[in-house]
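Q: Offset between the sequence shown (1-based) and this note's numbering: plus 283.
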Amino acid sequence: MAKIIFATGNEHKMTEIREILAGLKAEILSMKDAGITADIVEDGSTFEENAVIKAKAVAKEVDAIVLADDSGLEIDYLNKEPGVYSARYMGEDTSYEIKNQALLDRLKGVPKEKRTARFVCAIAAVFPHGEVIVKRGTIEGYIGDKPAGKNGFGYDPIFYVEEFQCSTAELTMEQKNALSHRGNALRAMKGDLEKRI
Ligand code: IMP
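(1) Which stretch, first to last residue, makes up the beta strand (DSSP E) that contains L469?
(2) Taking Cβ to Cβ, would you say G420 is nearer than 8 Å to A468?
(3) In the DSSP assignment, find the unbroken alpha helix (DSSP H) run with D388 in it and report its ends.
(4) Can you pull every residue whose C-beta falls closer than 5 Å to some heavy atom of the ligand IMP, listed in chain order?
(5) Please state whether the Cβ-Cβ distance between A400 and Y379 is less than 8 Å.
(6) Starting from I300, trace the alpha helix (DSSP H) both ways and give me its first and last residue.
(7) Would you check if the stretch 401-412 and the stretch 346-361 touch, i.e. whether three or more CB-CB distances between them fall below 8 Å?
(8) Give the range of the beta strand (DSSP E) segment to which E423 is assigned.
(9) DSSP on F289, reduced to helix/strand/coil?
(10) Using CA coordinates, which residue listed in Q448, E445, M456, V415 is at the minimum distance from K433?
(11) Would you mind sorting P430 into buried or exposed? The rule is 16 or more other CB atoms within 10 Å of its CB.
(12) Among residues of its own chain, excluding the 5 on either side of G292, which ones have a beta-carbon nearer than 8 Å to its beta-carbon?
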């Protein structure tokens, strides 16, 4: 059976990935499952570049298909900040309570129609023969006036979706996966994987 290794240590992402890629004739492993550790410097200037950097770094270590993602939040009013710096915004160790409040403060008084934002996810696949495929998925929304909800992670409490009129931290995992940026990128990738396994 083919092996797909997803270059992440994040169990939350692994659950989502296993759910979406279910049905593929492949064993889906995290780096931990595969016993791989890699110290990767994400120094690309786009989500796509970073996803490829991560996937290639792990692919050097194994004879398997390697997937990697890079994601973040783009706020239009803030010139698409925090973008590729989403995890590093205000420092990796700063809590999301503080990061989210800082972004709300920067948007103080800005009307709803100018608070548009999106989560972006690029997924790269590197195949053992060297082929590289990259897909992008997004979810459009807006930054609310205050944080809400306890589900999800990161910027979810301030990111609102029109369809549900609530933040993505108020959605169930199933609801979020069905429309998320990562879900959309993975679904776009699934067909390409099917053809190559
Ligand atoms: P990475 O893709 O693991 O490097 O993470 C990017 C960063 O973007 C995360 O640490 C979060 O700050 C943010 N982010 C990405 N996806 C989501 C999401 O679905 N909800 C909330 N924040 C997210």
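Backbone N, C-alpha and C fix where the C-beta goes; we use that ideal spot for every residue, glycine too. All values reported here derive from a predicted model rather than from experimental measurement.
A: The answer reads as follows:
(1) Element bounds for L469: not the beta strand (DSSP E) but the alpha helix (DSSP H), 464-479.
(2) yes
(3) 379-389
(4) D353, S354, G355, S369, A370, G437, Y438, D439
(5) no
(6) 294-303
(7) yes
(8) 415-426
(9) strand
(10) M456
(11) buried
(12) S313, M314, K315
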